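Residue numbers (our numbering): 1 to 140. All residues carry an ideal CB built from backbone N, CA and C; glycine is no exception. Bear in mind the structure is a predicted one, so any value in this text is a computation, not a measurement. Notes follow the structure.
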């Protein structure tokens, strides 16, 4: 499905298809999050909390400012999906953890976000291996 050109014109058909893939992926991610009354940023952060994590580490991993993480965590905390607790070795830092309700919402999000599973499922096992190798090469 070809989508309108984004802010950057593609220099090749491969680049255009990659842009399309990213756009469709983002839309599917946002839709799955919205089904659960979450923003995509909230769903993303919730999915990274398989264990307690420091807010600074989350900001670094997600490539955003710590103040953004603070806002996202505050909203998730208000929804009862995460808790903030003191860091055992650094009294100034806080650790974020999913609550049992957060675990359930995260499971529901994982079930709702089917884009990658569906897309890869259209490929034969050999094609999946080829795609994996090409993507790894493209990612450097």
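Can you have a look at residue i and say buried or exposed, based on whether 16 or more other CB atoms are within 10 angstroms of its CB?
{"i": "residue 21", "result": "exposed"}
{"i": "residue 2", "result": "With a pLDDT of 47 at residue 2, under the threshold of 50, the predicted position of this residue should be treated as unreliable, though the coordinate-derived value follows. Under this definition residue 2 is an exposed residue."}
{"i": "residue 81", "result": "buried"}
{"i": "residue 140", "result": "exposed"}
{"i": "residue 33", "result": "buried"}
What separation, rounded to the nearest whole angstrom, lies between the Cα atoms of residue i and residue j?
{"i": "residue 74", "j": "residue 127", "result": "43 angstroms"}
{"i": "residue 58", "j": "residue 104", "result": "21 angstroms"}
{"i": "residue 10", "j": "residue 72", "result": "33 angstroms"}
{"i": "residue 138", "j": "residue 132", "result": "10 angstroms"}
{"i": "residue 39", "j": "residue 55", "result": "18 angstroms"}
Assuming residue i contacts residue j (C-beta within less than 8 angstroms), just tell me the rounded distance between them.
{"i": "residue 108", "j": "residue 45", "result": "Incorrect: roughly 16 angstroms between the Cβ atoms, too far for contact."}
{"i": "residue 97", "j": "residue 52", "result": "4 angstroms"}
Under DSSP, the alpha helix (DSSP H) around residue i begins and ends at which residues?
{"i": "residue 141", "result": "Within the shown structure, residues of the chain are numbered from 1 to 140, placing residue 141 beyond reach of any answer."}
{"i": "residue 146", "result": "Here the chain has residues from 1 to 140 only, and residue 146 is not among them."}
{"i": "residue 138", "result": "125–139"}
Just list the beta strand (DSSP E) runs in the region 33–94, keeping only unbroken ones of 3 residues or longer that don't cross its boundaries, in chain order. Here the runs fully enclosed are 82–86.
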